[in-house]
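Take a look at the structure set out below.
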Amino acid sequence: MASEERRQEILKNLSEGVVEYNEDQVKEWSTNALDENLDAYDAIMNGLAAGMEIVGDLYDRQEYFVPEILMCADALYAGLDILKPHLKKESISDRGQVVIGTVQGDVHDIGKNLIKMMFDVGGFTVHDLGRDVPLEKFAEEQLRTDAEIVALSAMMTTTMMGMKKVIQMIKEKNPNVAIMLGGAPVTRDVAKLFGADGYAESAGNAVQEAIKMIGQLRKLDASGVSN
Ligand code: B12
């Protein structure tokens, strides 16, 4: 097990590798992380994803532009490829099904992919619709799979508005589905206003929120009351 000092060094190098879009550095330090038994989740969230947060700030300050961002994302994914297979899977493998995607008009999918990964290792079966997903596709996929959860991501204030429509479409066809929202412009208040059942700010608490929502759905089912 890496010492705290070494852990910090590994995380710093992972984050820096993403920020400096240095794929080789990210690959090397992802391998170091595994060799030194650093928890893969720690390396992903506090190394790679933390680096992407810095990238977001650089973009906001107009120090980075689209080409840099895309290269940073490539570096992040290079690390994910190495670390993801080593995430500790939940022993429960049938927690439920989730349909996930980024809503129509929105191509941001880095955050959505992290959430997907968390559901995956959290024991859920995930149906990923990708990004820029036509709004009606969410309702169709929910009906096709009978998933208990639909998770929507939006990274722009404009596309966020589509989430409300998706919630209406799904609830009309099937009220017993829990819908959760996330993405930078979304807040718990927005989620509530749109009629969603759940919200999570980050990948760290998304699965817990989903488990809570499923618990509530099943309680309602058992009591014969529909929501
Ligand atoms: C990367 C990025 C891009 C990349 C996207 C690459 C990709 N494949 O995703 C590229 C370069 C393509 C891009 C394009 C554009 N972008 Co952009 N982009 C960003 C940037 C810099 C970082 C986003 C990111 O990946 N963060 C890292 C991840 C890990 O964090 P995250 O996405 O927030 O996800 C976490 C949480 O939000 C949450 N979460 C996310 N989804 C979900 C879903 C659920 C269910 C749950 C529970 C949780 C959850 O958990 C995640 C993990 O912890 C942000 C700036 C910023 N500071 O956020 C702008 C930003 C989102 N972009 C913006 C804009 C305007 C654009 C463009 C219109 C720019 C342009 N003029 O061309 C285009 C839009 C194209 C389109 N139609 O979608 C604006 C949006 C402004 C707004 N309020 O609407 C931002 C905020 C920048 C800014 N300040 O102006 N962008």
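Under numbering that gives the first Met the number 0, think of the first position of the sequence shown as 0, with each following residue one higher.
Quick reminder that beta carbons are idealized off the backbone N, C-alpha and C, glycines included.
The structure displayed is predicted, hence computed values, not measured ones.
| field | Residue nearest to residue 201 in terms of C-alpha spacing, selected from 116, 194, 138 | value | Taking the sequence shown and counting its residues from 1, the one referred to as residue 201 is at position 202. Closest option to residue 201, Cα to Cα, is 116.
| query | Is residue 188 close to chain E, meaning its C-beta is less than 7 Å from at least one C-beta of that chain? | reply | Absence of chain E from the displayed structure is noted, only one protein chain being present.
| message | I need the straight-line Cα distance from residue 2 to residue 8, nearest angstrom please. | response | In the sequence shown, counting from the first residue as 1, residue 2 sits at position 3. In the sequence shown, counting from the first residue as 1, residue 8 sits at position 9. Roughly 10 Å between the two C-alpha positions.
| task | Please classify residue 106: is it buried, with 16 or more other beta-carbons within 10 angstroms of its beta-carbon, or exposed? | result | Translated into positions along the sequence shown, residue 106 becomes position 107. Classification of residue 106: exposed, given that the 10 Å Cβ count is below 16.
| query | Just curious, the beta strand (DSSP E) that residue 95 is in, first and last residue? | reply | In the sequence shown, counting from the first residue as 1, residue 95 sits at position 96. Per DSSP, residue 95 belongs to the beta strand (DSSP E) from 95-101.
| field | Among 109, 145, 89, nearest to residue 121 - alpha-carbon criterion | value | Sequence index remark: in the sequence shown, residue 121 carries index 122 (1-based). Closest by alpha carbon: 89.
| request: Quick one: residues in its chain with C-beta nearer than 8 Å to the C-beta of residue 211, no 5 flanking neighbours on either side, listed in chain order? | output: As a first step, residue 211 must be located in the sequence shown, where it is residue number 212. Only 197 meet the Cβ criterion.
| message | Could you check whether the Cβ of residue 182 sits closer than 6 Å to any heavy atom belonging to ligand 1? | response | Residue mapping note: residue 182 aligns to position 183 of the sequence shown, counting from 1. Checking every heavy atom of ligand 1 against the Cβ of residue 182, one is found closer than 6 Å.
| message | Using a Cβ-Cβ cutoff of less than 8 Å, which residues in the same chain neighbour residue 83 once the five nearest sequence positions on both sides are dropped? | response | Stepping through the sequence shown from its first residue, residue 83 is reached at position 84. Excluding residues within five positions, the ones whose Cβ falls inside 8 Å are 39, 43, 116.
| said: Taking 7 Å as the limit between beta carbons, can you name the residues of its chain near residue 224, skipping five residues before and five after? | reply: If you number the sequence shown from 1, residue 224 lands on position 225. The pLDDT assigned to residue 224 is 49, lower than 50, so where the model puts this residue is not dependable; a value taken from the coordinates is nonetheless given after this. Here the set comprises nothing.
| query | In the DSSP assignment, what residue or residues form a beta bridge with residue 127? | reply | Against the sequence shown, residue 127 aligns to sequence position 128. For residue 127, which the question treats as bridged, DSSP gives the partners 99.
| Would DSSP call residue 132 helix, strand or coil? | By 1-based counting over the sequence shown, the position of residue 132 is 133. Of the three classes helix, strand and coil, the one that applies to residue 132 here is strand, per DSSP.
| said: Quick check on DSSP: helix, strand or coil for residue 201? | reply: The residue given as residue 201 occupies position 202 in the sequence shown. Residue state, collapsed to three classes: coil.
| DSSP three-state call for residue 151: helix, strand or coil? | Within the sequence shown, numbered from 1, the residue matching residue 151 stands at position 152. Correct three-state label for residue 151: strand.
| request: Check residue 180 in the structure and name its three-state DSSP category. | output: Translated into positions along the sequence shown, residue 180 becomes position 181. Strand, per DSSP.
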